[in-house]
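These notes concern the structure reproduced below.
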Amino acid sequence: MNTKKQNTNKMPNANKTLGISSMFRDENNQLKMIFDKEDGSQTIRSSTKCDGLQNLRFTPGTIRSPSRDLQASVYASVHQYTEYSKSETSGDADRDSITSDVLFAASDTFENFARKNFQLKDVQPDCFSKEPLLISLLPPKDKNTHLAAMSSWITILKIMGDFPECDYTSIKSLDSRPIPFNFIREHFAKKLSKKDIDDAIKKYQELGNNPQIDCTSVPFLFPGHQVLDHIQFLCCLGMLKNSLRDEIYCQILKQMTQNSSQNSLSRGWLLLFLIVGIFHPTETLMPSLLTFLRESQSEIASKVEYSLRRSLRNGTRCYPPGWSEFQAMKNYKPIFLPVILMTGDRLLIKVDSSTTVKELCKSIARSLGLQETNGFSVFATLFDKISYLGDSSHRIMDTICECEYFAKAASVSESSVPWRLYFRKEYFPPWEIRVTDPIATNLIYAQVMRGITVKEYSLEDSRLLYFAALKYFINNEELSISKLTKLVEKLLPKSYINKRPITEWVSLVAQIFKQDFQNSKKTPGSCKTEVVDFAMKHLHRSFCRLFDIKQFTSPRNKLTRVTGAIHQKGLTIVDADEEEKVHIAYEEMVIVKKKGAWLHILDVRGTNSLVEAHQIEELYAILNTFLEELSNKSQVAVALCQCNVPEKQNFSSSLHIRNGDLVVLEESFKVFKDSEYIVGKCLRTEREGEFSKDIIHPLAIAGIPNNTHLNTLASHLKTIEWSQEHVGRYYSYNLDEYGKEHLQPTEVSVTKMLSRTSLKRNGFSDHWKHSKEPIKHPLSKKIQQRADLKHSACKIYQAILMYMEDIRRIEAISDIVLATDKIFEIAVRNKHLRNEIYIQLIKQLTENDDVTSRNKGWVLMWLLTGCVIPQEDMYQELLKFLQVSESCLAEQCFNRIKILRLSGPRLYPPHTLEHLAVSAHCVDPIKLEIILSDSSVKKMEVFSHTMVMDICDKIVSKLGIKSSFGYGLFLKTKNRVIPLVDNDYIMDILGHMEIYFMSQPLQVKDKSYKFQFMKKLWALDDVKEDLVADEMFSYHQDLPNYVAGFHDCPLATAVKLSALIFKATHENTELDNTNFREVIIPEKFIPLMTKENWMREIYGELQSMKTYTKSEAKVAFVNITKGFRTYGSVFFEIQMPENPNSLQLAVNRTEVLIMDPTTKQVFHSMQFQQIRNWIHESGKFSLNFENESTTDSKRIFFQIDKFQGELLDDLIVANIEFSLNSKFKNFQVFAGAKRGETIC
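According to full-length UniProt numbering, the residues represented by the sequence shown are 1 to 1240, in order.
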């Protein structure tokens, strides 16, 4: 690794210009640019032509912070600086100015961080060292933290191979090793004196002099025997003690700086890659860590930052990496988790260390083609234990590692832990009247049938017999007593079979089969739908999400330690004996609020029920989601006030509504979303009319219930006085109510002429409206005690004031750079500050009379709502604010935050294309050009929430391709092809790529990069026929392989293929001497015949193709090349040590081939299922595969271009994933198997 320190020492010319540091305008309104030099000095240059900004570039080989310098030079548009200049000269005189050194840090390098914060006073405190660390790098919180820091240092040295393994004579066996969590808790529980610290330091000094001494007495030193033991200990330290996280990161970065050992450095990158997926540093160190990654020249840095940002988004892990995770990640490979479906099939799903259960559910649904995903969840089993995971933000690898920890305690090998993951229907959404997705129907049907067998679902005997006959009908057309007997024995629970002889059960089922199924018009699909409908109507108590409730309080009940079940009909509280105590239907719930640790549920009777639960946030979120969806689909509403509507031409009479009247709407409430008036019928008067939408509140009930239910609701509604505030609807909003519990009033400076009592007369709300005064402390109470967050919150507020032009900017920095660096970047990487930023922005948009400030504030809000999500309580407040705001962007912000809540927050700040698309009054569409394999271009409109998979699905749908399987989106630059991840946001990809793979940021008209949609996997070409795909993709992607002579093709076949190519490009043109030069013939075939013979042979073939169209010629070409072994291959040039000549590596549908490019002799052939492992690093590639004849393992090494190696690595991963899924798809398995399920 070449760090920045090493790079700067090699720079030859001290006067060479590096790049733009900042821009400003002088008193003559001329744009000036400050350039940095290598010697640390600066120079100022003038720019008379602002167009020159687009041509500014950095010196190749010099990497600077792209977020501040590079974006300032390329993104800053001329009109922004012109407007800034005008506003500066004509602005208010009382506007405050803040010097740039207050808001913007000087340099975020790790070297500067070390010199400023480390306790070490060495010449180079940030550089590699093998000596024991006797004091922590950062000031310790207490004595225990000091010892833990010394222990973590030794542990890091061991992991990186810079310190020999210690001797633990008292540890007799591996099974007697302590568990890291318990080991750390025990040591932190000890009270240490100064003498204890001095003795510990002496022992660490002795350990440094003689690593082979007995280390069992060294405090805090974990007795690990393997690398994984040390990694788990280090991760547990960071997870349990926040104060040690920056210390651990600093120790790792120190060991990676100026490290001359390639082995040690490689281990350091692996350790950093593992650590960032477990926990992240504080905001104090984060800028320096990001700068370290971006300035390093390691190709792993890109993966590390991506993993870090995933960890920042999904939160800190609860368990350190286990055996299965470590086996995959030590080679920077994805983890494949087997998931069992209720049909008995299995899927392998690709995950990483930060993958949440929600993301896993989405990946499963996409693999299955499942459309109706609501209510499907993941369950985990280990031995006889079952754990519900739901579809939450819980990290799936925490569950796997927890299983491994549990099994390890039971003396089970970590490599064979028999955990299982199941994908099941957990609950039916309350608005779901019928399941229409055939894939969902099949999964639920299989789940119900299996649940009947294990008595998960209890049915009456008549229904049980009917379902047995139904299942037999689905699997068999004619009645066979032997087959029916086997089915009955397998389906019916043993307790039922023991009640009477099996022959009687078979006889009863056969009778039902003859009566209801044998000659009926029922189909297997309709029968499965019938089972699902029954489960939805009668088994809703079994299909539910359970919550452990500490306490439930209402006027009639006071319950403790009960269970809450959320199902299709409402919320049910049951006791330990599963006896129902309370039931609240959704239509009876008016509003759900969260106050502190309690959930308040107000119903139509005016009753307020209080719920305290362990997972209160999840319960609050799911109830609000259900009520919102039901309200949108509802056709039943309650009147909030009295209204007399004048008689209309369309109605014979006026509609008079009283407070509390029940109104039945003509359509669902969502249909009238953009209408001012609604058509409905008053249940009290039974008269129909038109009335304002604002005076009613839709009840949470899908459709229209029966008259009995309506009358019951109407009687309940009359018991309370209804109002807008009663149902949580407001016509104006401020932070007053929310601020009483969650916010800290701002400190307002006062003069001697004013007293504090006079300020208090203005009321509490004065703190929560627009102000031009900077704040001295955060607004949110939650981050008051966090020094790093407190400082960052104040800086963010200053940046918002600058962006909204409420205070003056001395430094001429563009809006894009200001918002990206000082607002959005901090928001995406720190979840604790997201609420704070939303609160600050709502405050500045409340009662803001400055048009410029208000407009720019709404631009910030638009960008923010497409980037990060606040916590649930603040999310509800944000929705209220957006609903009542009059800005033209408010509705878009409302929709954007709701979409983002479903799809998840972003990894990177809003891209420049998003900044340029939005203004105070409108949003211009962002369009990307996607190049297809036939060189045609599709312009796709993308949004902040658009993922790669969304673009792929749209293209497939527009082109009429049968399936999107095997297709992918790629980013092509001048020297590399980068495959894009399906689940990533396209805007995040652009931000990541321009940091690590671009010499400059991407722009709309930039032609240095291209998005290309191509076929990636060809494995199903022999199974599924798709003429459109063959014509547009297979033909154009395999044509270059034929032309280059990569296929082993006979001469006669080459003649035919060349004729088809000519026909595909010259449909109605006859071949003659004038156009023969347009015939494409592979170079290796040209010498085999004369020109005349080639023309005669091809002309003869064309005569037999006279009726072919261009499309038919392309399809015929593909049908011929499908017979080649190398059909659909991606070819790479490689160099093997044992062969002096360049060889060719081909990745095709089923295997990897290494062959001679001229003779086509195959030296190595590896089926994807034979490949056990592969490693790629810095242009070196190794493949470990199983020998087909001897089943022994074999390894081959070769050299490859490092960019080509990354593409090869991605292709192998994709093909192996498909190969393993094909192998395991029909492998029937349920809980109880003895061997483990880990696939890495």
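Backbone N, C-alpha and C define an ideal beta-carbon position, used for all residues, glycine too.
The C-beta separation of F279 from R245 comes to about 6 Å, placing the pair in contact by the 8 Å criterion. The bridge partners DSSP lists for C682 are V663, R687. In this model, K558 and L623 are separated by some 21 Å (Cα to Cα).
In this structure the segment 404 to 420 does not lie against the segment 443 to 450, because fewer than three pairs of beta carbons, one per stretch, are closer than 8 Å. Residues of the same chain with a CB within less than 6 Å of the CB of F1033, apart from the 5 flanking positions on each side, are S933, K1015 in chain order. For Q1199, the enclosing beta strand (DSSP E) has its first and last residue at 1193 to 1199.
With contacts defined by Cβ atoms closer than 8 Å, G375 and P429 form a contacting pair. In the structure shown, the three-state DSSP call for R556 is coil.
Under the DSSP assignment, I278 falls outside any alpha helix (DSSP H); it carries neither an H nor an E label.
Following the DSSP letters along the chain, one finds E805 in no alpha helix (DSSP H), marked with neither H nor E. If you ignore the 5 residues before and after Y586, its C-beta comes within less than 7 Å of the C-beta of P430, G570, F626, L627, L630, A700, I701, all in its own chain and listed in chain order.
Residue pairing of G390 in beta bridges, as defined by DSSP: V378. Here F824 is buried. Its C-beta has 16 or more other C-beta atoms within 10 Å. Between H945 and L863, the C-beta gap is not smaller than 8 Å, which leaves the two residues out of contact. Secondary structure note for Q1012: its beta strand (DSSP E) is the uninterrupted segment 1010 to 1015. With a beta-carbon spacing of about 15 Å, W1174 and S1165 fall beyond the 8 Å limit used to define contacts. CA-CA distance, M993 to L907, rounds to 13 Å. The residues F423, in chain order, have a CB closer than 6 Å to that of L341 in the same chain once the five nearest residues on each side in sequence are set aside. CA-CA distance, L459 to S964, rounds to 41 Å. In terms of Cβ geometry, A365 and L382 do not form a close pair [threshold 8 Å]. In the same chain as I248, and ignoring 5 residues on each side of it, the C-beta atoms closer than 6 Å to its own belong to S152, G238, in chain order.
For the 8 Å CB-CB criterion, Y996 and S302 form a contact. Burial state of F1197 is exposed, judged by a 10 Å Cβ sphere holding fewer than 16 other Cβ atoms. When Cβ pairs closer than 8 Å are counted between the two stretches, the segment 134 to 152 is seen to touch the segment 183 to 199, the count reaching three or more.
With distances taken between CA atoms, Q327 lies nearest to S353 out of S311, S353, K972, T1126. The segment 798 to 807 and the segment 883 to 902 do not touch, with fewer than three beta-carbon pairs separated by less than 8 Å. Bridge pairing for G570: A585 [DSSP]. Taking 8 Å as the cut-off, the beta carbon of S288 is found no closer than this to the beta carbon of D122. Contact annotation: the segment 610 to 617 touches the segment 549 to 556, with at least three C-beta pairs closer than 8 Å. Going by C-alpha positions, I1081 is about 8 Å away from A1054.
Sequence-distant Cβ neighbours of A1116 in its own chain, meaning closer than 6 Å and more than five residues away, are L1060.
Contact annotation: C867 and P909 have beta-carbon atoms nearer than 8 Å. Taking 3 residues as the shortest admissible run, the segment 399 to 465 contains the following complete beta strand (DSSP E) segments, listed from N- to C-terminal end: 419 to 425. Bounds of the alpha helix (DSSP H) holding K143 are 143 to 159. In this structure, the alpha-carbon of P320 lies about 17 Å from that of W419. V636 sits in a strand when the DSSP states are folded into three classes.
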